[in-house]
Every structure is written in C-alpha cells, then in structure tokens.
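Line order of the protein sequences matches chains X and R.
FYI, this note's numbering numbers position 266 of the first sequence as 266, with every residue one higher than the one before it.
FYI, this note's numbering numbers position 180 of the second sequence as 557, with every residue one higher than the one before it.
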Amino acid sequence: MAADQGWLEIMERDGTLVVEAGGLWNLANAARLDAEIRQVPAPGTRPVHFDITKVKLLDTAGAWTLYRTARDWEAAGARVSIEGGNAEQVALLETVRANDKPFEPTVPEGFGVIRIVAHVGAAVEDIARETVALIGFFGLVVSTLLRTARHPRRLRVTSLIYHMEEVGLNALPIVALISFLIGVVLAFQGSSQLQRFGAEIFVVNLVAVSVLRELGILLTAIVIAGRSGSAFTAQIGAMKVHEEIDAMQTLGLDPIEVLVLPRLLALVITLPLLAFLADIMGLLGGGLTAWIALGIPPAAFVERLNTAVSMWSFWVGIMKAPVFAFLIAMIGCYEGFQVVGSAESVGQRTTRAVVEAIFLVIVADAFFSVFFQVIGI
Amino acid sequence: MAPTPELAIRIRGLRTGFGDQIIHDGLDLDVHRGEILGVVGGSGSGKSVLLRTIVGLNRPRAGTIEVLGHDLASRRDVVALEARWGVLFQDGALFSSLTVDENIQVPLKEHSTLGPRMLDEIAALKVAMVGLAPDACHKYPAQLSGGMRKRAGLARALALDPEILFLDEPTAGLDPIGAAAFDRLIRQLHDSLGLTVFMVTHDLDSLHTICDRIAVLADRKLEAVGPMDVMLRSEHPWIREYFHGPRGRAALAG
C-alpha cells in the first residue's frame, strides 16, 4: 500500500465482519474510500467490527465515510463497533455523530410542460408588476421634478454639472467616432446601389435623411443607454446594497431629489447636444466618403444637402433626444432602486436597465416615425 | 534556518505598508500549533492587515512569514497552503449568488473528487457542526442574519478540515448571547478538530474565555504576547488601559 493512500480490507473472523482501515482517511482519498466501502456487501445482522488502529490521519470527510457506513449497517440490524482509534480520532467520530442531522438533499428542478408554463406565468406576472412599479416611479419623479421647479434652489447644481460632464462631455469621443463611421458606411453602401442607376448624387439624400432623422439620435441614445443607463443602475444599486439610500432617508434627504433629478436633467440636457454632434459627424463621414469614393466635391454635397432635407429633418431628430434621455435615465435609476441585497442583483439589474432602455428607445422611435408621418413632416 | 514543526506560524522582521504609510515594522510573532491566539490592538494598528498578510492577500515589504513550515514568499507554497488554512472574514464573505451548502461545496469541489452525494453529506455535516439548522442549507446569504452568515462563513472555512483557522473579528456585531455561543463553538471545534486558531478580536470576553495567548499590536510591532494573567500584570500604558479599563474589568468579573 502506498504511504499516502487510505485503504480498507474486509475480513471474516468467527462470523464477525471485520473492516480494517488504514492510511490516510482524508478528503483527498474520501471519494475513492467512499466508493470502495459502498462495494462491501451489507452484513445483514452479523456483528461488524471496524478496526481503525492503522489509520494515520482522519479528517471529517474520512470520519463521515466511516460513521455513515456504520450508521447504515446498524440501522439494517448489525451490531457495529469502531475500535482502535486514538483519542483525537474518537473525539472526531463523536463530533461527526453528534452533528448527523437529517437534511434535504438538493433536488434538481424537474422538467416538463408544467415547469415551462410556470416559468411563463412567473415572467408575465413579473412584467406586469414591474410595469406598475415603473409607472409609480415615473409619477414620483415627475412630482419631485415639479416640486423642484417651484423651489429651484433645491436643485443640486454641483451634482448636475458633475453628471453632465460624466454622461455628456466624456461621451463625446465615442459618439463622434460611431456616427462618423455610420456616415461612411451609409455612403459606401448607398453609392454601390445608386451607381447602377447613375444616381450617385442621391447618396447625399440617403445620408442626410437617415443620419438626421433617425440614425444620429438613435445610435447616440443606444450608446448612452449602454454607457450611462448602466452606470446609473450600478451606482444607485451599490448605494442601495450599502444602505446608503436608507441613511439618506433618515437624514431627511429625498433620494429622488438627490440622486435621480441631477442624473435625469443632466441626460435631458446633454443628449440633444450629443445628438447634434452625431448629426454633424455623420454628415462629415458621408460627405468625405462621397468626395473620395464618388468624386462629389464638398461644395456640391452642401448644395445637394440644401435641397435634399429641410430644417425639419434636423429638428425631428433633435426633438426626440430629450424623450429618449428621459427614458434612459428613468430606467437606469429605477433599476438601481430595485437592487436588493447582493452583488449579483446589481449585475442583473444593470443588464435589465440597458436592455429595457434600448427597447423603450426603439419603441418610442417607432411611435415618433408614425407620428411625424401622420402630421406630414 | 530549518522550520520548527511546533510552530504553526512564524513571522520575523515583518514590514508592511500602503503608500508611504508604514503599518508594521520589524514585527516578530510565533503561533504555536494547537493554540488559540487572540490578536488585539487599537483601531488602525494593523490587526486585519497582519491577518491578510499571513494568508497572502497582502504582500509584505520585508521579513519572512512561515506557515506550517512553508515560506510564504514562494508562490507554489502558498497554493499548497491554501487547502490547509481556513479564513473567516468579518461578514462571512459568502458568495452571494450561491446557497449556503453550495458555498461550502466550492472549496470541496475545487480540492477533491467527491461525488454529488458525498458533497451534499459533507456540506450538511459542516452546517450542523457550526450550529446552523439544516434548513439553512438551501438559503442564500441575503436571507440569513449576521450571526448565521458568520456561522455559514465558518462552515466554509472549515470545509477542507484546515489546520489553521483565521478569524477576523468573529464576534463583532453579534449580540452577547450569540457572541458567547460563537466563542463556545470555536473552542469546541478547536478541541475536536485540533485546530490552531489565529483570531483578530476586540471582544474582551472572547479573549478571556477562549484564547490561550494574547498578542498585542502597538507602535507597528508586537508589544507583548502571553496568556491573560501576563497581560493583566503588564505595565505598558495601552495594555493597562485596555485590560483594566471599565470594560476589561467587567469582562474579568464575568
């Protein structure tokens, strides 16, 4: 027998089943010893004698294996004795015996139709509850906003400026880069299609209309939902976990006023500005591509731009920005307040915030499209 | 120098710090096998830092730390040691996405080849050993009280049958009854499992009832070490203040 192994030997002596154990009965060997001892045929009602004189090391896992076997055989009618251990081993076996309490093993969740139906039901209920709670939160924020409008001095200006820098200024590079690239892509894709009709010049219409009316603001809103909506949830959620929100309330501070309004207003103010930048960069990207790839000089591009779009196309895009900003900030803050207890909850809520914010932004955008179509802009 | 087997932990000339702040300078400490050592010191004297340094969460700037004869400077030795010590952090530090028994099974799965049935059995055994009700097994940490989280954290620390148990303020935040029960539990586990316990604490009752020796950290090093009666006879002003202050006297009387 190798020195660092645990072993057991089964012998028959005068009608007594003798189990001789030796070596290391520890966690490292427990899996194997457990399997081996389960192979031993149950002794029935014969007496059983465990001899653990040669056990060099016994830990809880080893002691449990011995004890459980003895317990099960005893329950089946055998007379079991464990002998030969030193004082420590006896004490450990005694500790294990004293702490053997019935427990429920982990039951894996069942499969089947009922479980699927239950999941669907739970999800629907969850959505309904969340919607109601979100509308409640919306009302709370609006009423706090109106109260603050009556007492403008209650507005946290420092916090507002800080968040404007965070969500607005610091997002400039990424928003500018993404919209520039989208302008480039649109112009390239458009030109290859329009060239077949000899209508390259319409690339200007394509880029201008799609960037100004839709893509500029939509992409900006999606980037900001991922960047700032998630940050709002994580910040407020972490504060919730550390009971900072509770502390605020006991100090007579209104969490909506202190945490939500500055974030909301910062986003409502800066998102239109970001959208404006996105429009400019998108047109720039489209214009440069048109010049380089199609040979449309900048002067012709600008001239064509004037006839292709009216000022309304620009305003249609910009007008959507405050609404999108409102949705993103609302969802971000709301999900932050929904965090309970653990770090995992912060992660879940952050994911939800981003998904819901992007979803709502696109739904709102669809409504805007229909609306503008109907009123004919 | 050959490692002395009677010593569970041997620290020589330890120096730690953050930035330009020095926490320990020239700290020497021996922890004997099988003893319960209580570490005390004023707030900011680096008790928790010492614990974190010994278990390898914080790199010392100078000095040597040997745990069970292994030098902590060697990364390979630290890995070998990680299965031989258990750490209970202040609030249990349970993984919040796992239930109590899954928490206990994390080290078991990592360091053994036990099957699911044995894992369940061993986890239930550890839960019972730390005095938690069996139905706590399937609860998440957020559903437990502070005292229960500590017990669950202790169960996880004991999962691998460690030789050394590190406790960071085990009774802080517990009510006196819960704290006394936790003290008894540690003593009892110490007796039945043959543990060496390194305990950072502020609890004079714990020091008094379960610690074999007390180490006092002050002025960046070990000011004194010895059993309670040595502490009580000490002339050092901080130690006098600590053990002879109103709270110290109350703990002694009780």
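Virtual Cβ for every residue (Gly too), placed ideally from N, Cα, C.
Check	Outcome
Got a sec, what are the start and stop residues for the alpha helix (DSSP H) X:E130 sits in?	113 to 150
What are the uninterrupted segments assigned as alpha helix (DSSP H) that are 4 or more residues long and contained completely in the region 402 to 445 of chain R, given in chain order?	424 to 431
Determine whether the Cβ of X:V40 lies closer than 8 Å to any Cβ atom of chain R.	no
Going by alpha carbons, who is nearest to R:F559 out of R:L465, R:T430, R:A500, R:D402?	R:L465
I need the DSSP call for R:F466, collapsed to helix, strand or coil.	coil
So, R:G550 versus R:P518, is the Cβ gap smaller than 8 Å?	no
Could you list which residues in chain X have their beta carbon closer than 8 Å to that of R:S522, in chain order?	Within chain X, no residue comes near R:S522; the closest Cβ sits about 13 Å away, beyond 8 Å.
Note down, in chain order, every chain R residue with its Cβ under 7 Å from the Cβ of X:D34.	M495
When we look at the beta-carbon of X:Q373 and count the other beta-carbons within 10 Å, is it buried (16 or more) or exposed?	exposed
What separation, rounded to the nearest whole angstrom, lies between the Cα atoms of X:R13 and X:I82?	15 Å
Would you tell me roughly how many angstroms separate the C-alpha atoms of X:L360 and X:A366, rounded to the nearest one?	10 Å
Whose Cβ in chain R lies nearer than 8 Å to the Cβ of X:L92?	S569, L570
Is X:K56 helix, strand or coil when you go by DSSP?	strand
Measuring alpha carbon to alpha carbon, tell me which of R:L384, R:S420, R:I413, R:E383 ends up nearest R:R597.	R:S420
What residues in the region 169 to 183 of chain X have a beta carbon less than 9 Å from any beta carbon of chain R?	none
Can you give the beta carbon distance from X:G332 to X:I182, rounded, assuming they're within the 8 Å contact cut?	Not quite, the Cβ-Cβ distance comes to about 24 Å (not below 8 Å), so this is no contact.
At least one CB of chain X closer than 8 Å to the CB of R:E540: is that the case?	no
Roughly how many whole angstroms lie between the Cα atoms of R:R452 and R:L537?	20 Å
Assuming X:G190 and X:V207 make a contact with CB atoms under 8 Å, what is their CB distance in whole Å?	7 Å
If you check the beta carbons only, do R:T578 and R:E612 fall under 8 Å apart?	no
Going along chain X, which residues have a C-beta under 9 Å from R:H488?	L27, A28
Using a Cβ-Cβ cutoff of 7 Å, what residues of the region 527 to 539 of chain R are near chain X? List them in chain order.	L537, D538
State the Cα-Cα distance for the pair X:I269 and X:L327, rounded to the nearest angstrom.	13 Å
Does chain R have any CB closer than 8 Å to the CB of X:T95?	yes
Residues in the same chain with beta-carbon distance under 6 Å from R:V444, minus the five sequence neighbours each way, listed in chain order, please.	I386, L458
I'd like to know if R:G492 contacts chain X, where contact means its C-beta is closer than 8 Å to some C-beta of that chain.	yes
Listed in chain order, which residues of the region 422 to 438 of chain R have Cβ atoms closer than 8 Å to some Cβ of chain X?	none
Residues of chain X with a CB under 9 Å from the CB of R:M506: which are they?	T60, T95, V96, A98, N99
Apart from the five residues just before and just after X:V386, which ones in its own chain have a Cβ nearer than 8 Å to its Cβ?	Residue 386 of chain X cannot be examined here, being either before or after the span of chain X that is shown, 1 to 377.
Check distances from the C-beta atoms of the region 68 to 91 of chain X to those of chain R and list, in chain order, the residues that come in under 8 Å.	R68, E88, A91
Going by DSSP in three states, R:H621 sits in which element: helix, strand or coil?	helix
X:A343 touches chain R at which residues, Cβ-Cβ below 7 Å?	S473
Consult DSSP for R:G550 and reduce its assignment to one of helix, strand or coil.	coil
What are the residues that DSSP puts in a beta bridge with R:M506?	In the DSSP output, where bridge partners are listed per residue, R:M506 has none listed.
For R:P614, is the classification buried or exposed, using 16 other Cβ atoms within 10 angstroms of its Cβ as the cut-off for buried?	exposed
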